[in-house]
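Using the working numbering, you'd call the opening residue of the sequence shown number 178 and step up by one each time.
Ideal Cβ placement from N, Cα and C applies to all residues, glycine included.
Contents: one structure, followed by commentary.
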Amino acid sequence: MKRIGVTGHRDIPAEAMPHVLAGMKAVLCGRRGALVALSSLAEGADQIFAGMALACGAELTVVIPSGDYEEGFDDPCALARYRRLRRRASQEVRLAFPHATDEAYYAAGAYIADNCDRLLAVWDGRPARGPGGTGDIVRYARERGKPVTVVWCDGVERV
Numbered sequence: 178m179k180r181i182g183v184t185g186h187r188d189i190p191a192e193a194m195p196h197v198l199a200g201m202k203a204v205l206c207g208r209r210g211a212l213v214a215l216s217s218l219a220e221g222a223d224q225i226f227a228g229m230a231l232a233c234g235a236e237l238t239v240v241i242p243s244g245d246y247e248e249g250f251d252d253p254c255a256l257a258r259y260r261r262l263r264r265r266a267s268q269e270v271r272l273a274f275p276h277a278t279d280e281a282y283y284a285a286g287a288y289i290a291d292n293c294d295r296l297l298a299v300w301d302g303r304p305a306r307g308p309g310g311t312g313d314i315v316r317y318a319r320e321r322g323k324p325v326t327v328v329w330c331d332g333v334e335r336v
C-alpha cells in the first residue's frame, strides 16, 4: 500500500491552479494498488489534495493538529469542505495539542511526513512564513530522506 502525504500553501494563485491540479492528478490518479492519502485538511492545497485523492479511489487519513482546529477556519466554505472531507476519511489521527498553534501545525506536518512514502508539496520554494509552514515541512521531510514531489508553476508568486 502506497502512502502519499501533502503539505502546501493555503492560498494558491489562480494562475498556478491548473498546474497544481495537473501535478496532483499525476501523483494520485492512475496508480495501481491501494493508495492512502494523508492530509490535515487545511484550506487550499490540503483540501484540494484530499478531494482529488478520494476521487481517485484512495483512502483518506486525516491528521487533526489540535482540539480547537476548526476554530481556525475563517472562511465558512472552507470549514464546510473540511467537515465534508473529514466525514469521508477512513482514519483520523488526533494530535494531543489543545490549541491550534505553530507547534501543533508543525507536529501535524511532521506526522504526515513521517508516515508517508512520498510527500507532495504544493510549494513556491520560498521559506515558510511562520513555523510549521510548507517550507519547514519540506525541509523536515528532506532531512529524513523522504522523497518529496514539489508541484508549483514557475514564475508564479504568492501574494
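Residue i to residue j span [Cα, whole Å]
{"i": "Leu-262", "j": "Leu-256", "result": "10 angstroms"}
{"i": "Glu-192", "j": "Val-336", "result": "12 angstroms"}
{"i": "Pro-242", "j": "Ala-211", "result": "26 angstroms"}
{"i": "Ala-285", "j": "Ala-232", "result": "24 angstroms"}
{"i": "Met-178", "j": "Arg-265", "result": "19 angstroms"}
{"i": "Pro-253", "j": "Asp-245", "result": "15 angstroms"}
Contacts around residue i, its chain only, beta-carbon distance under 8 angstroms, and the 5 residues preceding and following it disregarded
{"i": "Glu-280", "result": "Phe-274, Pro-308, Gly-309"}
{"i": "Asp-188", "result": "Gly-221, Arg-335, Val-336"}
{"i": "Leu-198", "result": "Ile-225, Met-229"}
Where the alpha helix (DSSP H) containing residue i begins and where it ends
{"i": "Arg-265", "result": "253–265"}
{"i": "Phe-226", "result": "222–232"}
As assigned by DSSP and simplified to three states, the class of residue i
{"i": "Gly-286", "result": "helix"}
{"i": "Lys-323", "result": "coil"}
{"i": "Thr-238", "result": "strand"}
{"i": "Glu-280", "result": "helix"}
{"i": "Val-333", "result": "coil"}
{"i": "Ile-181", "result": "strand"}
Spatial neighbours of residue i in its chain, beta-carbon cut-off 6 angstroms, leaving aside the 5 residues before and after
{"i": "Glu-236", "result": "Val-213, Ser-267"}
First and last residue of the uninterrupted beta strand (DSSP E) at residue i
{"i": "Val-299", "result": "295–299"}
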